[in-house]
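The block underneath contains the structure these notes are about, expressed in structure tokens.
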Amino acid sequence: MKPLVSIIIPLYNRGHIITRTLESLMDQSHENWECILVDDGSTDNSVQVVEGFTQKDQRFQLHHRPIEKPKGANACRNFGLEMAQGDYINFLDSDDTLHVDKLKLQIDTLSNNDYQFSVCQTQMVDDKSGDFLKLWSTVVSSHKPFDDYVTCSAWWSIHAVLWKNEIISQYRFNEDLHQSQEYELHIRILADSPKFHVLNQTLVTVFVHQNQISTNFTSSIAKLSSNLYVRYLTLKNYSGQLQDETNKYLYKQLFDLFKHFVIHKEVKKALISYHFLVKAAPYNEEMKPNKNEILLRWLFSIPSYFILNKGEGFIKYIR
1 MKPLVSIIIP LYNRGHIITR TLESLMDQSH ENWECILVDD GSTDNSVQVV
51 EGFTQKDQRF QLHHRPIEKP KGANACRNFG LEMAQGDYIN FLDSDDTLHV
101 DKLKLQIDTL SNNDYQFSVC QTQMVDDKSG DFLKLWSTVV SSHKPFDDYV
151 TCSAWWSIHA VLWKNEIISQ YRFNEDLHQS QEYELHIRIL ADSPKFHVLN
201 QTLVTVFVHQ NQISTNFTSS IAKLSSNLYV RYLTLKNYSG QLQDETNKYL
251 YKQLFDLFKH FVIHKEVKKA LISYHFLVKA APYNEEMKPN KNEILLRWLF
301 SIPSYFILNK GEGFIKYIR
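Everything in the sequence shown is counted per our numbering, starting at 1 for the first residue and increasing by one.
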């Protein structure tokens, strides 16, 4: 029998577009799959739409996030992973689609070898017009995948990966994060130096629309805090494994966000960013000679811009 693939989809208020996603699964040339949909408390007709599929095709399963688990896609994915029976695992979002041969091609890649997962390319398409916008990443393959993934020089979407169950079952999404959860998961996995294959074909379509679940990097305090925390955590846990330039890249990301909020007088966000600059400072070699002086200078920039509307001398980067 052909191997079973478990496709895990978190679901929240996607009744108007989930049909397109599920139909892309029914069109798969590899037919031995199960689709585990985990509803996160939808208030629209999402459940009714999915029930229409479960009644027609037993490969679809509808479950509800256990009440004791936190709300969000992370908990839904983890719950789905616990229920998955497949030899392979593919995570998918409720508004995106898979190429008809996505599962088949990646299974062919992973069969009879020691690769632990396969990665393909993802395209981003305008939801209204159907026009191609861009690739998720211009480059997916790399000779230094850990560093290039962290710096987003060669990276991939969560949907692009077909995992062997034996590896992904060792990990879980961080249910405390409000954003960067996929980035953080992949970093943890890549830090363990897995063996994987890159299939340079575009086999996933992500539809970009106005009412996406994931919006701006800094659109809320919760999302900002998650994004900052993941950058700090990467430095804390992996600065010894990463190249110096990668560590500098991560710290500069923290600083650039801090500077943006200071200049735009978003004091609360500036203070949160500053908190992570302080926590991450010990992992940045450039900071060590004058760490306290630099951090104090940056701190002074907050009241300087807020009260005097200037402070360029305080907010310069490491010098």
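Cβ coordinates follow ideal geometry from the N, Cα and C atoms, glycine included.
Check	Outcome
Counterpart residues of phenylalanine 207 in DSSP-defined beta bridges	Val125
Neighbourhood of leucine 224 by C-beta distance below 7 Å, restricted to the same chain and skipping five residues each side	Thr218, Lys269 and Ile272
Exposed unless 16 or more other CB atoms sit within 10 angstroms - verdict on aspartate 40	buried
Given 8 Å, three or more beta-carbon pairs between the stretch 36–53 and the stretch 147–154	no
For asparagine 90, the residue or residues it bridges with in DSSP	Ile7
Three CB pairs or more closer than 8 Å across the stretch 165–182 and the stretch 66–81	yes
Status (buried if at least 16 other CB within 10 Å, exposed otherwise) for glutamate 184	buried
Test item: CB-CB of threonine 202 and glutamine 116 under 7 Å	no
Residue burial classification, proline 10 (beta-carbon count within 10 angstroms, cutoff 16)	buried
Close-in-space but distant-in-sequence residues of the same chain around asparagine 247 (CB under 8 Å, 5 per side omitted)	Leu235, Ser239, Tyr283, Asn284 and Glu285
Reduced DSSP category for valine 139 - H, G, I as helix; E, B as strand; rest coil	coil
6 Å Cβ shell around glycine 311 - same chain, five flanking residues per side excluded	Ser301, Ser304 and Tyr305
Whole-angstrom C-beta distance between histidine 63 and isoleucine 36, which should lie under 8 Å	7 Å
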